[in-house]
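For reference, the structure discussed in these notes is given below.
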Amino acid sequence: MTRVVDAITGIALLAAAFAATAGTEVFTVAGVPVTHVPDNATVVELDKPSRLDKQLSQGLPDKKDAAARAVQKRVAGFKKAYGEAYSGLMRAWRLGVTKVPAVVVDGTYVVYGQPDVTAAVAEIRRAETREK
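Following this line, the structure appears as structure tokens:
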């Protein structure tokens, strides 16, 4: 039970960090690459949890008990990656991201379908200027 509480606490803390993020966030999946990503942008791969699941179960022993022990050992190494992956999913859900790639600026403005992040941010900045 303690491990579950630790995992939930870790995920909640990461979610709070994502919620406080201002700046550029990029949401994509492994098969949809993005380019020209600024160094300060946060990139979230929405399919990361399923890819981690595959890595976690790769090459497990055939015997059930041995496989269970191997998974327990591996989970410790995956804890941070899972926390970050699920925090990214929660952030996308909170923002209402519906397509990829999605470039979100300041948690408010979004451009869908533009794989060039710098171009998407420029498009958002132009729209902001027109609004003023």
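Under the numbering used here, the first residue of the sequence shown is numbered 4, with each subsequent residue one higher. Glycine is no exception: its CB is placed at the ideal position from the N, C-alpha and C atoms. Remember, predicted model here, so these are calculated numbers, not experimental data.
Between the CA atoms of residue j and residue i - distance to the nearest angstrom
i: Ala33; j: Val47; result: 10 Å
i: Leu92; j: Asp65; result: 32 Å
i: Arg94; j: Val113; result: 13 Å
i: Ala125; j: Trp96; result: 24 Å
i: Phe81; j: Leu59; result: 8 Å
i: Val29; j: Arg133; result: 23 Å
i: Pro118; j: Pro36; result: 7 Å
i: Ile127; j: Lys135; result: 13 Å
i: Thr45; j: Leu98; result: 14 Å
i: Thr31; j: Ser90; result: 14 Å
Coil, strand or helix - residue i by DSSP
i: Thr132; result: helix
i: Thr121; result: helix
i: Ala70; result: helix
i: Tyr115; result: strand
i: Ala33; result: coil
i: Val78; result: helix
i: Ala88; result: helix
i: Ala95; result: helix
Distance between beta carbons of residue j and residue i, contact taken as under 8 Å
i: Ala148; j: Val106; result: Within the shown structure, residues of the chain are numbered from 4 to 135, placing residue 148 beyond reach of any answer.
i: Gly116; j: Pro104; result: 7 Å
Beta carbon proximity, residue i to chain D, threshold 8 Å
i: Leu63; result: As a matter of chain content, chain D is missing from the structure shown, which is built from one protein chain.
Beta-carbon spacing of residue i, residue j below 8 Å
i: Arg43; j: Gly62; result: According to the sequence provided, residue 43 is Asn. The question's Arg does not apply to it. Their beta carbons are not under 8 Å apart, which means Asn43 does not touch Gly62 by this criterion.
i: His39; j: Val120; result: yes
i: Ala84; j: Leu49; result: no
Selection from the options that minimises the alpha carbon distance to residue i
i: Gly51; options: Arg72, Ala88, Val35 and Ala70; result: Residue identity differs from the one stated: residue 51 is Lys in this sequence, not Gly. Closest option to Lys51, Cα to Cα, is Ala88.
i: Lys57; options: Leu98, Val78 and Thr31; result: Val78
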